[in-house]
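Under UniProt numbering, the first residue of the sequence shown carries the number 1, and numbering increases by one thereafter. Glycine residues also receive a C-beta, built at the ideal position from the N, C-alpha and C atoms. Below is one structure, written out as structure tokens; the observations come after it.
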Amino acid sequence: MPGMNATTGQRLNGIDHIRQSVADIITTPIGSRIMRRDYGSLVPELLDRPMNDALLMQVYAATVIAVSRWEPRVQITGTRRIVSNQQPGTVTMELYGKTADGQPLSVGVPIT
């Protein structure tokens, strides 16, 4: 399914469109879309809490639940966090999985 690059307006296909879609789902707060109030994830709501193992598990769960619900072209098989040493408090969620047609997929989404 072709789409549009959110930054340039150019046509976007395949894995690149899926990556953009996954990032949009994870970073969109639930309730912020006018005509689709249940779109998005709980991740933005969790970001102001103290960073600990329990919070990271909640972020993992919120990420997988949202992507599973809103992006049928992806099956998530794993997640991990990457904490930046250069920018304290900056975390990237790395998602691993495969597309509906079996291609491996890796998506990094900054969640600061």
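Reduced DSSP secondary structure (H/G/I, E/B, other) of residue i
i, result
"T27", "helix"
"G40", "coil"
Same chain, Cβ closer than 6 Å to residue i, neighbours up to 5 away in sequence not counted
i, result
"P110", "T92"
"N13", "P2"
"A23", "V109"
Sequence-distant residues of the same chain with beta carbon closer than 7 Å to residue i, five excluded per side
i, result
"L55", "L46, R49"
"V83", "V91"
Range covered by the beta strand (DSSP E) that runs through residue i
i, result
"E45", "Taken as a continuous stretch (DSSP letters only), E45 belongs to no beta strand (DSSP E), being part of the alpha helix (DSSP H) at 43-46."
"Y96", "91-99"
"T63", "Not the beta strand (DSSP E): T63 falls in the alpha helix (DSSP H), residues 53-70."
"Q75", "74-83"
Status (buried if at least 16 other CB within 10 Å, exposed otherwise) for residue i
i, result
"G89", "exposed"
"G31", "exposed"
"I76", "buried"
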